[in-house]
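So the sequence shown is numbered by full-length UniProt numbering: it starts at 1 and just counts up by one. Worksheet: one structure, shown below.
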Amino acid sequence: CCPPDCSCQWTDWIDVSYPDGSDRNSGDYETFENIVKNDPSWVCAKVEDISCRAEKFPDVAIEDLGQKVECSIDRGLICNNSDQRPGGMIQMPVCLNYEISVCCVPDLPECLSVPTPSTTTAPPSSTTLSLPTSTTVSMPTPSGPPSSTTSTTTPRTTTPPTSTTSSSTPGTTTT
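Written out as structure tokens, the structure is:
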């Protein structure tokens, strides 16, 4: 009849860890591992999205709280007391109590076998920049593959003209 609905479903807010303010080595750990330890029946076959918030400040984005917090679809939420500094909204160098909600893909074989589109794009293989022979250009030589962390950088390959009988006018750069 009909294929199953494979769109992810948001969980209720989950809070299985509470930071110990007297222990600098403590923190708040709303990790998937800790959630399963707390509730062995909890299943999230594939986390597609995550939302993290401070329990006492549910309407404030965690970026605006001034705490160093990891909120990722790979691990959940991690906040280490040792990473916190007093200041901003929080005057104590300890983690707030956080909670997470995750959007889970249903645990059905037909939902998990569907490939998800990749959000990364490969840079162009090369861009050629021709320079006239009368111009001296000093360019750094790349020591490895182009960085994939910056999406605005286009890798370039510099190719000098193959002969000195170039038709470009001296002093003019053609790109």
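All residues carry an ideal CB built from backbone N, CA and C; glycine is no exception.
heavy atom of the ligand MN below 7 angstroms from residue i C-beta
i	result
S41	Judged by which ligands are present, the structure shown has none, so any question about the ligand MN falls away.
Sequence-distant residues of its chain with Cβ nearer than 7 angstroms to residue i (five each side left out)
i	result
D59	none
M92	G21 and P86
D83	K68
E30	I14, D15, V16, S17, G76, L77, Y98, E99 and I100
Helix, strand or coil at residue i [DSSP, three-state]
i	result
L65	coil
E33	helix
S7	coil
S72	strand
E48	strand
M2	Per the sequence presented here, residue 2 reads as Cys, with Met not at that position. Three-state result, C2: coil.
N81	helix
Residue i - partner residues in DSSP beta bridges
i	result
E99	R53
V105	K46
D20	DSSP, once it has assigned bridges, lists no residue as partnering D20.
D28	C79
Residue burial classification, residue i (beta-carbon count within 10 angstroms, cutoff 16)
i	result
A54	buried
L96	buried
C52	buried
I73	exposed
P4	exposed
C79	buried
Same chain, Cβ closer than 8 angstroms to residue i, five either side skipped, listed in chain order
i	result
C6	V105, P106, L108, E110, C111 and V114
V35	Looking at the sequence itself, residue 35 is Ile, so the reference to Val does not match. Here the set comprises I14, V16, W42 and G76.
Cβ neighbours of residue i in the same chain (closer than 6 angstroms, five flanking residues each side left out)
i	result
N81	R24, S26, G27, V94 and C95
E48	C8, C103 and V105
F32	G76
A122	Any answer about A122 is weak, because its pLDDT of 45 lies below 50 and its placement is not dependable; what the coordinates show is given next. Excluding sequence neighbours, A122 sits near nothing in its chain.
Legend entry - Segment contact, 8 angstroms Cβ cut-off, at least three pairs: the stretch 60-67 with the stretch 36-43: no
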